[in-house]
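Scroll down for the structure; my scribbles are underneath it.
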Amino acid sequence: MNTMLVFSTVYTLALLFVSTKAEPNSKSCNEVRAAYSSKGFNVNDVPNKGVHGAPLKVCPQGYSCCTLEMEEKLSQQSHSDLKAPISQLSSNLQSTFKQRHSHFDQFFRELLDNAEHALNDMFVRTYGLMYVHNAELFKHFFQELKRYYVSGSGAVNLDSMLSDFWEDLLERMFQLVNVQYEFSDAYMECVSRHTEQLKPFGDVPRKLRLQLTRAFVAARTFTRGLALMPEVVNKVSTVSASPSCVRAAMKMLYCPYCKGQVALKPCQNYCLNVMRGCLANQADLDTEWNNFLDAMLSLAERLEGPFNFESVMDPIDVKISEAIMNMQENSMQVSQKVFQGCGQPKPGNGFRSRRSVKETGFTGRFRPYSPDARPTTAAGTSLDRLTTDVKKRLKHAKQFWSTLPESVCAGERITSRDDCWNGTAKSRYESVVMGNGLANQVSNPDVEVDITKPDVVIRSQIAVLKEMTSWLKAAHSGNDISIDQDEDGSGGQESGSGCDSPSCEADGDIYFSIPPTPINPRVFKVVHQETTGGDRMAHGSMALALCGLTLALLAPHWR
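Counting with mature numbering (1 follows the signal peptide of the UniProt record, and there is no 0), you get residues -22 to -1, 1 to 537 for the letters of the sequence shown.
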């Protein structure tokens, strides 16, 4: 009797103990129901009380507030939750460099437009109708520069374009300073062929070719590099998570729900192992990404210094005017050399009646250009300001891909305390944290990673970055590797100034300084021949023509 009473008492106490232990667990599902519903799922999917033996595929077996249907829905949610912080970081990076690309591109384009307008205004004031009648030569010059900036050497051979410009300018000026003669097309072709030997414009064409080539190659390559960054980030961000990654994310983010512990956050090192496994391919992009950024930073230094686009374009009207003055001052020597090389031209008939003196000549002096004047020339900014800003952004973007796991496993997403979710329970995470990259994931305890199958999209972007880096390095040396791709993906040829050492930077100043006082005419050695009466008449006519040219410009000012 007493034995049965004792047994009955013990049994009753046991039931009460089990009941009191089970009650909190059954109540904990209410928190799960609220959290599950906040994700947009049907609250009726969640059992009212915790169940035992639910056939779960990811989360630990045993007592659970989850069903198999809930686990599948939470797996989909974990995929979105995994992608969200990565997408946000990627979007911020894309936005940053889309803006910088727009700023640089707008600046370079406006600088070209401003330079063209400045030249037109100066030459109209200085040369009047004579410039207006020949304005298409200079308009074409700027059109070709703009085409080269946009499309590169695949569209415009800069060397050939500049040579053609100077040859055309020489032909026009030669005829203007020798209006007493008639010249056939064949004769003018002979003049053009000897432009290099004659050097009628002094050293200006050589310096301008060197400076334009370096500045344009650097500017357009740097701008293309800025445009490439958002493209690479966008393509890499579209890479989908693997099934094993989604499974690991589900286990890390939502298996605490199934335990009834919705506020429990993953351990930091546990999160790092999951994310390094999920982002193993992206981390392999980091080496070439950093090489690319280093090349961009180096080219930015060139843009601030010897390859400064603004310093070349802003005073280009003054540079061309100096070339014209060189031709004016040496016109007699140049003409004599041409007559010796191409033959004595035929005198024109009644040239005075056919052209007024006012229409026949380039002359004039120009304002000096000070290298210290660095105005805000385009797009409301200057190249120095743009490069200073973009260099900070480029440095900040380094190691973006290898630090993504740390960026995701931070803040409120994790806890650094030991009372955290370690994948199976609320306890300390004991596993070793894996390194970055695909090869280091062979022993990842939380994500199954096939290290033998690198992602195709990311490998292709590694190749793209490597190619762009080679273009940037070529531009750093003043060489142009055509960025325009043919339909089959092949590139163009390399050309440029061949500046591959610091010594090339000293090859001429960035600025052409035009002295405020008249320049003494240069004297060219001319082979003297016996002077005939006809030759004396030719020299006299030339001198009269030059005097007439000078008077033509001065006449309006005397009025």
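Note that the Cβ used here is the ideal one computed from N, Cα and C, for glycine as well.
Give the secondary structure of residue i by DSSP, where H, G and I count as helix, E and B as strand, and everything else as coil.
{"i": "THR354", "result": "At THR354 the pLDDT is 45, less than 50, meaning the model places this residue with poor confidence and gives no usable figure here."}
{"i": "CYS398", "result": "coil"}
{"i": "ASP262", "result": "coil"}
{"i": "SER69", "result": "helix"}
{"i": "CYS245", "result": "strand"}
{"i": "ILE459", "result": "strand"}
{"i": "THR216", "result": "coil"}
{"i": "TYR407", "result": "coil"}
{"i": "VAL316", "result": "helix"}
{"i": "MET303", "result": "helix"}
{"i": "PRO383", "result": "helix"}
{"i": "VAL169", "result": "helix"}
{"i": "TYR41", "result": "coil"}
{"i": "LYS27", "result": "coil"}
{"i": "PRO33", "result": "coil"}
{"i": "PRO178", "result": "coil"}
{"i": "PRO423", "result": "coil"}
Could you check which residue in the options has the C-alpha nearest to that of residue i?
{"i": "SER42", "options": "ALA375, ASN26 and SER53", "result": "ASN26"}
{"i": "LEU52", "options": "PRO284, CYS398 and ASN20", "result": "ASN20"}
{"i": "LEU154", "options": "GLY326, VAL134 and GLN239", "result": "GLY326"}
{"i": "LEU271", "options": "LEU140, SER421 and ALA205", "result": "ALA205"}
{"i": "SER215", "options": "LYS243, LEU67, MET230 and TYR105", "result": "LEU67"}
{"i": "ALA403", "options": "THR359, GLY238 and LYS213", "result": "GLY238"}
{"i": "ASN22", "options": "CYS7, GLU307 and ASP99", "result": "CYS7"}
{"i": "GLU167", "options": "ASN308, CYS320, VAL128 and GLY203", "result": "CYS320"}
Express the C-alpha separation of residue j and residue i in angstroms, rounding to a whole number.
{"i": "TRP267", "j": "LEU443", "result": "7 angstroms"}
{"i": "ILE64", "j": "SER385", "result": "9 angstroms"}
{"i": "VAL425", "j": "ASN251", "result": "8 angstroms"}
{"i": "LYS35", "j": "CYS256", "result": "19 angstroms"}
{"i": "GLY199", "j": "LEU450", "result": "Reading off the sequence shown, one finds Thr at residue 199, where the question assumed Gly. Answer to the nearest angstrom: the Cα atoms are 6 angstroms apart."}
{"i": "GLN318", "j": "GLU114", "result": "31 angstroms"}
{"i": "CYS44", "j": "SER218", "result": "26 angstroms"}
{"i": "MET305", "j": "LEU364", "result": "38 angstroms"}
{"i": "ALA417", "j": "LEU89", "result": "48 angstroms"}
{"i": "ASN92", "j": "GLU149", "result": "27 angstroms"}
{"i": "THR447", "j": "PRO33", "result": "53 angstroms"}
{"i": "GLN121", "j": "GLY180", "result": "25 angstroms"}
{"i": "GLN405", "j": "LYS243", "result": "Residue identity check: residue 405 is Ser in the sequence provided, not Gln. In a straight line, the C-alpha of SER405 is about 11 angstroms away from that of LYS243."}
{"i": "ASN70", "j": "ALA375", "result": "11 angstroms"}
{"i": "ASN135", "j": "LYS117", "result": "17 angstroms"}
{"i": "ALA273", "j": "PHE101", "result": "40 angstroms"}
{"i": "ILE294", "j": "ARG125", "result": "17 angstroms"}
{"i": "ASP464", "j": "LEU140", "result": "With a pLDDT of only 40 at ASP464, under 50, the local geometry of the prediction cannot be trusted, and the value read off the model is given with reservation. Near 25 angstroms, if we compare the C-alpha coordinates of LEU140 and ASP464."}
{"i": "residue 544", "j": "GLN158", "result": "Within the shown structure, residues of the chain are numbered from -22 to 537, placing residue 544 beyond reach of any answer."}
{"i": "LYS76", "j": "ASP137", "result": "32 angstroms"}
{"i": "SER413", "j": "ASN212", "result": "In the sequence as presented, Ser is not what sits at residue 413; that position holds Gly. About 25 angstroms."}
{"i": "VAL29", "j": "VAL411", "result": "34 angstroms"}
{"i": "ASN457", "j": "PHE119", "result": "21 angstroms"}
{"i": "LEU188", "j": "SER162", "result": "33 angstroms"}
Are residue i and residue j close, meaning C-beta to C-beta below 7 angstroms?
{"i": "HIS454", "j": "SER289", "result": "no"}
{"i": "SER409", "j": "GLN246", "result": "no"}
{"i": "SER193", "j": "PHE85", "result": "Note that residue 193 corresponds to Ala in the displayed sequence, not to Ser. No, the Cβ-Cβ distance between ALA193 and PHE85 is not below 7 angstroms."}
{"i": "CYS37", "j": "CYS223", "result": "no"}
{"i": "VAL169", "j": "ALA301", "result": "no"}
{"i": "ARG280", "j": "ALA196", "result": "yes"}
{"i": "LEU382", "j": "ALA227", "result": "no"}
{"i": "GLY401", "j": "TYR248", "result": "yes"}
{"i": "THR429", "j": "VAL435", "result": "The identity of residue 429 in the sequence shown is Ile, whereas the question assumes Thr. Contact flag unset, no."}
{"i": "VAL312", "j": "PRO178", "result": "yes"}
{"i": "GLU145", "j": "THR191", "result": "no"}
{"i": "SER56", "j": "LEU231", "result": "yes"}
{"i": "ALA278", "j": "LYS370", "result": "no"}
{"i": "GLU9", "j": "VAL240", "result": "yes"}
{"i": "CYS387", "j": "MET291", "result": "no"}
{"i": "GLN72", "j": "PRO208", "result": "yes"}
{"i": "ASN259", "j": "ASP433", "result": "yes"}
{"i": "ALA261", "j": "SER380", "result": "yes"}
Between which two residues does the beta strand (DSSP E) holding residue i run?
{"i": "ILE429", "result": "Neither: ILE429 is in no beta strand (DSSP E) and is coded neither H nor E."}
I'd like the span of the alpha helix (DSSP H) that includes residue i, first residue to last.
{"i": "ASP367", "result": "361 to 374"}
{"i": "MET151", "result": "136 to 155"}
{"i": "PRO234", "result": "233 to 236"}
{"i": "ALA417", "result": "Unbroken run through ALA417: none, as it is neither H nor E."}
{"i": "PHE120", "result": "113 to 129"}
{"i": "PHE287", "result": "287 to 291"}
{"i": "VAL21", "result": "Element bounds for VAL21: n/a, residue is neither H nor E."}
{"i": "LEU257", "result": "Taken as a continuous stretch (DSSP letters only), LEU257 belongs to no alpha helix (DSSP H), as it is neither H nor E."}
{"i": "VAL110", "result": "107 to 110"}
Strictly under 7 angstroms for the Cβ-Cβ distance: is residue i near chain D by that measure?
{"i": "ASP458", "result": "The structure shown contains no chain D, having only a single protein chain."}
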